[in-house]
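The numbers in full-length UniProt numbering rise by one with no breaks, and the one at position 272 of the sequence shown is 272.
Ideal Cβ placement from N, Cα and C applies to all residues, glycine included.
Take a look at the structure set out below.
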Amino acid sequence: MAEISGKNFIPESFQGYTPDIAGQIGLLWELIKAPLIVPLLTLCVYICLAMSIMVFCERLYMGVVIVLVKLFWKKPEKRYNWQPMKDDLEIGNATYPMVLVQIPMFNEKEVYKISIGAACNLSWPSDRLVIQVLDDSTDHVVKDMVERECIRWASKGLNIRYQIRESRGGYKAGALKEGLKHDYVKECDYVVIFDADFRPEPDFLRRAVPFLIHNPDIALVQSRWRFVNSNECLLTRMQEMSLDYHFTVEQEVGSATHAFFGFNGTGGIWRIAAINEAGGWKDRTTVEDMDLAVRAGLKGWKFLYLGDLQVKSELPSTFKAFRFQQHRWSCGPANLFRKMMWDIATNKKVTLYKKFYVIYSFFFVRKVIAHMFTFFFYCVVLPLSILVPEVYVPKWGAIYLPCIITALNSVGTPRSFHLLFYWVLFENVMSFHRTKATFIGLFEAKRVNEWVVTEKLGDTLKNKSNNKAASRKSLSKILGDRINLHELGFAVFLFICGCYDFLYGKNCYFIYLFLQVITFTIVGLGYVGTIVPSS
Numbered sequence: 001m002a003e004i005s006g007k008n009f010i011p012e013s014f015q016g017y018t019p020d021i022a023g024q025i026g027l028l029w030e031l032i033k034a035p036l037i038v039p040l041l042t043l044c045v046y047i048c049l050a051m052s053i054m055v056f057c058e059r060l061y062m063g064v065v066i067v068l069v070k071l072f073w074k075k076p077e078k079r080y081n082w083q084p085m086k087d088d089l090e091i092g093n094a095t096y097p098m099v100l101v102q103i104p105m106f107n108e109k110e111v112y113k114i115s116i117g118a119a120c121n122l123s124w125p126s127d128r129l130v131i132q133v134l135d136d137s138t139d140h141v142v143k144d145m146v147e148r149e150c151i152r153w154a155s156k157g158l159n160i161r162y163q164i165r166e167s168r169g170g171y172k173a174g175a176l177k178e179g180l181k182h183d184y185v186k187e188c189d190y191v192v193i194f195d196a197d198f199r200p201e202p203d204f205l206r207r208a209v210p211f212l213i214h215n216p217d218i219a220l221v222q223s224r225w226r227f228v229n230s231n232e233c234l235l236t237r238m239q240e241m242s243l244d245y246h247f248t249v250e251q252e253v254g255s256a257t258h259a260f261f262g263f264n265g266t267g268g269i270w271r272i273a274a275i276n277e278a279g280g281w282k283d284r285t286t287v288e289d290m291d292l293a294v295r296a297g298l299k300g301w302k303f304l305y306l307g308d309l310q311v312k313s314e315l316p317s318t319f320k321a322f323r324f325q326q327h328r329w330s331c332g333p334a335n336l337f338r339k340m341m342w343d344i345a346t347n348k349k350v351t352l353y354k355k356f357y358v359i360y361s362f363f364f365v366r367k368v369i370a371h372m373f374t375f376f377f378y379c380v381v382l383p384l385s386i387l388v389p390e391v392y393v394p395k396w397g398a399i400y401l402p403c404i405i406t407a408l409n410s411v412g413t414p415r416s417f418h419l420l421f422y423w424v425l426f427e428n429v430m431s432f433h434r435t436k437a438t439f440i441g442l443f444e445a446k447r448v449n450e451w452v453v454t455e456k457l458g459d460t461l462k463n464k465s466n467n468k469a470a471s472r473k474s475l476s477k478i479l480g481d482r483i484n485l486h487e488l489g490f491a492v493f494l495f496i497c498g499c500y501d502f503l504y505g506k507n508c509y510f511i512y513l514f515l516q517v518i519t520f521t522i523v524g525l526g527y528v529g530t531i532v533p534s535s
């Protein structure tokens, strides 16, 4: 019987045998390609095409609805009961409900004054407003600075409370939950939450609170985010495009059709009674905001999104901060979907149509399928199909549907339309991290509850004196912060596929592949976002 030696992959008696190692590898590839590789890759193509159709139908549905909303829907002030807040000389400020403002913080040295100052400047009677700074900082210098800022505003007559905890248990959810336990909160009817980089306009409460006063079935009024640093770099422009679509389309459609959407965690005002009925804040996932919204929605509460009520905030401008944020935003919803799918399906307080919307549209397509489809199809399956020409990928799935989906995504930020093609390439890169985080959430892997606070820079980059610190950084530190090996690995893989398509292919996919290689390489070498000098 023929034997396989240490230098041979196949027996010498095998038909077509060659002593050359490269020839043996080629022969082995031909042996397994037809019975194994082609059927498996074809199945992957069909799965990706099915996911593509799901994402396309979802985007098309939301596109049609948003057009109808803009053309025919009444404005929120006419759809719901709304009356402006008026001063009453006889009873004074008693007509104003008590409002609690919560500002959770963690080592927010660069931006803490922004949110505290904006909250203290809200146009609301001072005796009907309680401002609660929930400081979980571990830096004692920062804690002292925040406390002094609270004391400064308190000396001006503001009812501002500086609250700290012994531990960071539960992270943001734990801080918000602990903040609601204080006795003085029992007098408050509503709670508005602002992250440390958020700066609401003075009339925020006067525009939002009347919806809660005159519509007892509304639990949440969510504002739209605007970004003060969207023009800082290309990374922030890419984020603005994605988030503008989320607010302009996804939130608006959810509010108009189902009175349900995911709470964005900040820039929204809640009815405290709804929070309590839903079970309060829970720290079982990294998306405590979405968790609370889903539970409140299942109790029958309605949500209202106000697109013209806008709050300024800051986008993460370093790739490291953005990557951690996207991990949390992708892992958390997938993990919450795993934990709540059965509760949603068996709930008896909402309609079957709304349950289908929450399970299929809100969770399954947007939070799971959209990430996986983008990564697997454009970064894995399509490039591999070039190496295996026996696998057919229809052009309607590879080109036409993606172009329509991309065009539908562009409606949120018309001013960045010229960046649309690069946005697609960058989103393909980020889909790797989002897909990985989605699987971690679905299977509850070890990083499922990883919480890294998104770094806010404030005016740090304007302080040129910090630039000297860069020279003190070691080469290993610089490489560790900037080099991303996963992205560089995908760049090499796609480059090989692109070269093969250029030499032997017929569909000219190499044009896309080489552009995607460039994008992966730029990200892999750390040349995306701002570079913050540090000691």
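Go to residue i, then tell me how far its beta strand (DSSP E) extends in each direction, as first and last residue.
i, result
"glutamine 251", "First-last for glutamine 251: undefined, no H or E at that position."
"tyrosine 162", "160-164"
"alanine 219", "218-227"
Note down, in chain order, each residue of its chain lying with its Cβ closer than 7 Å to the Cβ of residue i, except the 5 sequence neighbours on either side.
i, result
"alanine 173", "Trp281, Lys282, Asp283 and Glu288"
"threonine 374", "Glu427, Asn428 and Ser431"
"histidine 371", "Ser330, Ser431, Arg434, Thr435 and Thr438"
"methionine 340", "Val294"
Can you check DSSP and say which residues form a bridge with residue i?
i, result
"methionine 105", "Asp135"
"valine 191", "Leu100 and Trp270"
"arginine 199", "Lys312"
"leucine 129", "Val99"
"glycine 92", "Asp88"
"glycine 529", "Thr318"
With a CB to CB cut of under 6 Å and the five nearest residues on each side skipped, what residues in its chain are close to residue i?
i, result
"valine 424", "Thr406"
"serine 471", "Note on serine 471: pLDDT 45, under 50, position unreliable in the model; the coordinate value appears next. Counting only Cβ-Cβ distances below 6 Å, and skipping sequence neighbours, we find nothing."
"residue 536", "Outside the shown range of the chain (1 to 535) lies residue 536, about which nothing can therefore be said."
"leucine 488", "Gly524"
"phenylalanine 260", "Gly254, Gly297 and Phe303"
"tyrosine 162", "Val133, Glu147 and Cys150"
"tryptophan 301", "Ala219 and Ala274"
Mark residue i as exposed unless 16 or more other C-beta atoms lie within 10 angstroms of its C-beta, in which case mark it buried.
i, result
"threonine 138", "exposed"
"aspartate 144", "exposed"
"glutamine 251", "buried"
"valine 146", "buried"
"glutamine 83", "exposed"
"lysine 464", "Low per-residue confidence applies at lysine 464: pLDDT is 47, beneath 50, and the placement is therefore not dependable, though the value from the model is reported in the following sentence. Its Cβ having fewer than 16 others within 10 Å, lysine 464 is exposed."
"histidine 140", "exposed"
"tyrosine 353", "exposed"
Where does residue i sit, in a helix, a strand or coil, going by DSSP?
i, result
"tryptophan 82", "coil"
"isoleucine 483", "coil"
"threonine 266", "coil"
"lysine 74", "coil"
"tyrosine 509", "coil"
"tyrosine 305", "strand"
"aspartate 291", "helix"
"valine 69", "helix"
"valine 111", "coil"
"glycine 157", "coil"
"phenylalanine 356", "helix"
Is residue i near the ligand ADP, in the sense that its beta carbon is under 7 Å from a heavy atom of that ligand?
i, result
"leucine 384", "Ligands are entirely absent from the displayed structure, and the ligand ADP is therefore not among its contents."
Grab the span of the alpha helix (DSSP H) containing residue i for me, first residue to last.
i, result
"residue 551", "Summary: the structure shown does not reach residue 551, with the chain confined to residues 1 through 535, and so no result is reported for it."
"tryptophan 329", "319-346"
"phenylalanine 392", "It is worth fixing the name first, because residue 392 is tyrosine in this sequence and not phenylalanine. Run containing tyrosine 392: none; DSSP gives neither H nor E here."
"arginine 206", "204-214"
"valine 429", "420-443"
"proline 402", "401-409"
"threonine 374", "370-376"
"glycine 174", "171-179"
Counting only C-beta atoms, is residue i closer than 8 Å to chain C at any point?
i, result
"methionine 430", "Here there is only one protein chain, and chain C is not present."
Identify, in the order they occur along the chain, each residue of the same chain with its Cβ nearer than 8 Å to the Cβ of residue i, setting aside the five sequence neighbours on each side.
i, result
"threonine 519", "Tyr422, Leu425, Phe426, Asn428 and Val429"
"phenylalanine 364", "Phe337"
"phenylalanine 495", "Leu513, Phe514 and Val517"
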